[in-house]
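To keep things clear, I will list the structure first and then write my remarks on it.
Protein chains: 2
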Amino acid sequence: MHKDRTEVLVESIKRFLRRGANKYLQNIVKKAHAADLSIVFREISLDNRCKLFNLIDDLEKKVVLFSELDETTFIEFIKLLELKDVVEVFGKMPADDAAELLNCLDEDYSTQILENMKKEDSQEVEHLMSYIEDTAGSIMVPDFIALKEDMQAQQVIEALQNEYLDVEMPFYIYVINEYGKLVGVISLRQLVVVQSKMPLKEFMATDIISVNTYTDQENVAKLVSRYDYLAIPVVDDDNCIVGIVTVDDVIDIISDVATEDMLKMAGVGEDYIETQTVLRGTKIRLPWLFTSFLGGVAAFFIIGGFQESLAKFTCLAAFIPVIMGMGGNIGIQSSTIVVRGIATGKINIRDLWSVVFKELLIGMILGVIYGVFIGIVAKLRFFSEPFSLALSFSVGLAVISSMSVAALVGALTPMLFKKMNIDPAVATGPFVTTSVDIVSVYCYFLIAKLLIGL
Amino acid sequence: MHKDRTEVLVESIKRFLRRGANKYLQNIVKKAHAADLSIVFREISLDNRCKLFNLIDDLEKKVVLFSELDETTFIEFIKLLELKDVVEVFGKMPADDAAELLNCLDEDYSTQILENMKKEDSQEVEHLMSYIEDTAGSIMVPDFIALKEDMQAQQVIEALQNEYLDVEMPFYIYVINEYGKLVGVISLRQLVVVQSKMPLKEFMATDIISVNTYTDQENVAKLVSRYDYLAIPVVDDDNCIVGIVTVDDVIDIISDVATEDMLKMAGVGEDYIETQTVLRGTKIRLPWLFTSFLGGVAAFFIIGGFQESLAKFTCLAAFIPVIMGMGGNIGIQSSTIVVRGIATGKINIRDLWSVVFKELLIGMILGVIYGVFIGIVAKLRFFSEPFSLALSFSVGLAVISSMSVAALVGALTPMLFKKMNIDPAVATGPFVTTSVDIVSVYCYFLIAKLLIGL
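Those protein sequences? They're chains B and F, same order as listed. So the first sequence is numbered by our numbering: it starts at 20 and just counts up by one. So the second sequence is numbered by our numbering: it starts at 20 and just counts up by one.
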């Protein structure tokens, strides 16, 4: 249902742009949600983006549009706008979004924007930009409501109606004591339902979960998602509240973290986005494939060492793909299960040996099953040959060992990385497939040599 | 910071359990957040879970605990509780959580629970259970606020204070017309800041984005995340509001969908969770490996077809791993980028050919680079042999073709799946690695045969 909605919008806007029907465009732009416009922007030419942008009257809509655009579209597009327009939008933008966007621009340009903004706005943004990337400090918004614990419910409602009109998300009201320290929290809902004279301290919740400015954003997201919060307060070292991280940012973090993990597992580097140019894409992916290259060269020399056996039994070569493939695939299974299990908290690092042992056991069982299958294929194919039984045993045993080792390495690698405080996703994929390839090939030829007596 | 908090809790509770210090336990349980207790529950024995559970006084806390437990822990644990306790908790639980949990239990037991609940509660839950899994209908909560468009702001505030005290998340108030159709929405925040006499229809937003009961939950999550909503209304075919999906559920969906995609890509099946028993784990993973097995057998017969070439040049076998490995790895890169790109909306199915062409180009460039590397290795290793140049060209060209095909297949497969409305993650991983293995091996021997003139 929704898909059509956006698609219809894209089509209509494209048609009106071709026709130059500015009046219709203005009308359609007025009605459209900024998040939908951001999708339109991706689909139209740079010139048309500027044209469309200038047709937007509502500054608030421009603000949302800026933050919703993806990075590449945004950078290309913003360069074509007049500085004063850009500054106007940034002036109205929540400070966290402004800081994030300015961080993608080159420094000269972002300084120019900041210099032209109102002092109070730019200071707020620069303050956020000073926090380390991917910490709570860098993603918090400074517009929260913190009130003294003695205030009464009715006074708070009045304050909301008068002073706090432009707070982005006033769903929690944080309560501070006389020293400015965070001591409690109430929800807007409670405020509406308690008696009007009741002071905050009498109905606030005091077991507040807060994060520090330097807490990693992934941990912030975990807390918000675990406790089903709409926002979490960020405090400095003195327990004074300095900002909040809102649930809409948490959603983006959770999605981004999952994307990063998948890309890292695949050996592409966490920052890979599809909109890269071919050259940059090549550059990012080149080094990750090097592990695989080295593994391949190692396997080459290992097989070279069994040259004589191969010369006598060329049919040995034909089983290399199945042995590598079965090992590689179960290795990916185990490592994906463990990496994602660690990320979602389903697997605890304290259970290292029980998890690894279980994966090993599964690898062995599956190894036996497929080892028997492949042994049968080998036996049937070379039925009349005198060596067929020894060959089928060699191949079967090679599959068992390959799959067991792969499951073991696939589970152990991310667990050990985690234990050493290395990101378990980062090198698991390439490392597992490469090491499994080498071990599989070596075991195979060794077993064959022993059994067939080459 | 937080990690310690939970860990300290786990340690203290374990210690007190060993000592049987019930008074301390009661105290600590009273102060702990239910989401933290759910982590404790994972770490302690079944008996202790019951003991701890019975020490919880607060019914609300039991409710949260039930919904936060992971499936396996929950199923094991609930069987040991008395039916009346279980029923009490379910009676207090939001209907969507109750429906989800009851769906994991075996039918006899869940029927027993439903039969013992209050009629009005159980009907609500059964109604939700009747929706198809993973649709908006199955995850919505029925406790939303929908008021007539003529009501005034002050009247609404009064209604909130009197009638709607137990609504889970009253952040939006939905506005309906005289026929009960959804016509607008206001936020709690607006309500607090407008003049008290103003009727809803004068300040409500009318461009409401809603979903249908049968909208897929992934699409629901996308909308909530795109528009930064705290909840989205669910309507029936008559545009009457029947429930809302809240942002806390959306967070879970986004995380679960990413997990499912990763597991599907790795060929493990979307429902795999680490807490499976060894036997079930084996059973789930067995069929996925069958593709890989078939591919291996196919490669075996292909290589068998080049038996004579191999007999003359056994060194050809030594390059099989590097050619398969390079192809396999770049195939995983391309397919992961495309699958995740489609899931996050970064890649649009309309751009099919430009995406596929770009991946192919990257595959070819990387293929040339690594092809040259491997050609050099081959040349150096067999320097003095007369066939060394032809061999090094064969191997290099094989790597180029293997990597190009892999990038092409890796990008094309999920795009085509998506176009045919098949989940792009579901079969991509095993399909890509297997087909790449077969094609690589075939191309390699064909090229070698032609160039070396075997």
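C-beta atoms are modelled at their ideal positions from N, C-alpha and C, and glycine is treated no differently.
From the DSSP output, in three-state form, read off residue i for me.
{"i": "F/Gly-360", "result": "helix"}
{"i": "B/Gln-171", "result": "strand"}
{"i": "F/Ile-272", "result": "helix"}
{"i": "B/Tyr-191", "result": "strand"}
{"i": "B/Asp-235", "result": "strand"}
{"i": "B/Pro-113", "result": "coil"}
{"i": "B/Gly-288", "result": "coil"}
{"i": "F/Gly-429", "result": "helix"}
{"i": "F/Gly-19", "result": "Only positions 20 to 473 of chain F appear in the structure, and residue 19 of chain F is not among them; the question remains open."}
{"i": "F/Met-132", "result": "The sequence given here places Ile at residue 132 of chain F; Met does not occur at that position. Looking at F/Ile-132 - three-state DSSP - the assignment turns out to be helix."}
{"i": "B/Pro-340", "result": "helix"}
{"i": "F/Lys-216", "result": "coil"}
{"i": "F/Ala-165", "result": "strand"}
{"i": "B/Pro-252", "result": "strand"}
{"i": "F/Gly-415", "result": "helix"}
{"i": "F/Arg-304", "result": "helix"}
{"i": "B/Gly-423", "result": "This sequence places Ser at residue 423 of chain B; Gly is not what is there. Helix."}
{"i": "F/Thr-92", "result": "helix"}
{"i": "B/Leu-469", "result": "helix"}
{"i": "F/Glu-26", "result": "helix"}
{"i": "B/Ile-263", "result": "strand"}
{"i": "F/Lys-98", "result": "coil"}
Which same chain residues, not among the five before or five after residue i, have their C-beta less than 6 Å away from its C-beta?
{"i": "F/Ile-321", "result": "Val-460 and Tyr-461"}
{"i": "B/Ser-141", "result": "Leu-133"}
{"i": "B/Lys-220", "result": "Glu-168"}
Within a Cβ cutoff of 7 Å, which residues of the same chain sit near residue i, ignoring the five residues on either side of it in sequence?
{"i": "F/Gln-236", "result": "Asp-153, Thr-154, Ala-155, Ile-158 and Ile-272"}
{"i": "B/Val-418", "result": "Ile-342, Met-345, Gly-386, Tyr-389, Gly-390 and Ile-393"}
{"i": "B/Thr-232", "result": "Tyr-150, Thr-154, Ala-155, Gly-156, Val-253, Asp-255 and Val-261"}
{"i": "B/Ala-285", "result": "Gly-448"}
{"i": "F/Arg-37", "result": "none"}
{"i": "B/Phe-190", "result": "Ser-206, Leu-207, Leu-249 and Ala-250"}
{"i": "B/Ala-53", "result": "Lys-80, Val-83, Leu-84 and Glu-87"}
Tell me, to the nearest whole angstrom, how far the beta carbon of residue i is from that of residue j; I am working on the premise that it is less than 8 Å.
{"i": "F/Gly-350", "j": "F/Ala-426", "result": "7 Å"}
{"i": "F/Ile-384", "j": "B/Thr-301", "result": "5 Å"}
{"i": "B/Val-375", "j": "B/Met-434", "result": "6 Å"}
{"i": "B/Glu-168", "j": "B/Asn-196", "result": "6 Å"}
{"i": "F/Asp-226", "j": "B/Lys-50", "result": "7 Å"}
{"i": "F/Glu-223", "j": "F/Val-243", "result": "In the sequence as presented, Glu is not what sits at residue 223 of chain F; that position holds Met. Not a contact, Cβ separation roughly 20 Å."}
{"i": "F/Val-144", "j": "F/Ala-178", "result": "The Cβ separation is near 26 Å, so there is no contact."}
{"i": "F/Phe-464", "j": "B/Phe-338", "result": "Actually they are not in contact, since the Cβ atoms of F/Phe-464 and B/Phe-338 sit about 15 Å apart, beyond 8 Å."}
Taking the alpha-carbon positions, what's the residue i to residue j distance?
{"i": "B/Asp-115", "j": "B/Asp-275", "result": "17 Å"}
{"i": "F/Ser-354", "j": "F/Gln-131", "result": "46 Å"}
{"i": "B/Val-391", "j": "B/Leu-335", "result": "17 Å"}
{"i": "F/Asp-127", "j": "F/Glu-134", "result": "11 Å"}
{"i": "F/Ile-251", "j": "B/Ser-421", "result": "50 Å"}
{"i": "F/Glu-87", "j": "F/Lys-98", "result": "17 Å"}
{"i": "F/Ile-263", "j": "B/Thr-91", "result": "35 Å"}
{"i": "F/Ala-467", "j": "F/Ser-413", "result": "5 Å"}
{"i": "B/His-146", "j": "F/Ser-206", "result": "30 Å"}
{"i": "B/Gln-326", "j": "B/Val-316", "result": "15 Å"}
{"i": "F/Ser-57", "j": "F/Leu-84", "result": "6 Å"}
{"i": "F/Leu-124", "j": "F/Phe-96", "result": "11 Å"}
{"i": "B/Ala-430", "j": "F/Arg-61", "result": "21 Å"}
{"i": "F/Phe-35", "j": "F/Arg-68", "result": "13 Å"}
{"i": "F/Thr-490", "j": "F/Tyr-198", "result": "The requested residue 490 of chain F does not occur in the structure, where chain F is confined to residues 20 to 473."}
{"i": "F/Asp-280", "j": "F/Ala-444", "result": "6 Å"}
Can you give me the Cβ contacts of residue i inside the same chain, cut-off strictly under 8 Å, excluding the 5 residues immediately before and after it?
{"i": "B/Ser-423", "result": "Leu-379, Gly-382, Met-383 and Gly-386"}
{"i": "F/Leu-201", "result": "Ala-165, Tyr-193, Val-194, Ile-195, Ile-227, Ser-229, Pro-252, Val-254, Asn-258, Cys-259 and Ile-260"}
Considering only heavy atoms of the ligand ADP, does any lie closer than 7 Å to the CB of residue i?
{"i": "F/Glu-404", "result": "The ligand ADP is not part of the structure shown, which contains no ligands of any sort."}
State yes or no: is the beta carbon of residue i nearer than 8 Å to at least one beta carbon in chain D?
{"i": "F/Gly-156", "result": "Absent here is chain D; the protein component of the structure consists of chains B and F."}
Take every Cβ of the region 446 to 454 of chain F, pair it with every Cβ of the region 307 to 314 of chain F, and state whether three or more of those distances are shorter than 8 Å.
-> The region 446 to 454 of chain F makes contact with the region 307 to 314 of chain F: 3 or more CB pairs, one atom from each, lie closer than 8 Å.
For the 8 Å Cβ check, are there 3 or more pairs between the region 390 to 407 of chain B and the region 352 to 370 of chain B?
-> no
On the three-pair Cβ rule with 8 Å, is the region 244 to 255 of chain F touching the region 263 to 280 of chain B?
-> yes
Sufficient close CB pairs (3 or more, under 8 Å) joining the region 76 to 83 of chain B to the region 100 to 111 of chain B | yes
Just checking, does the region 163 to 174 of chain B make contact with the region 216 to 230 of chain B on the three C-beta pairs under 8 Å criterion?
-> yes
Is it true that the region 464 to 472 of chain B meets the region 405 to 416 of chain B, where meeting means three or more beta-carbon pairs spaced less than 8 Å apart?
-> yes
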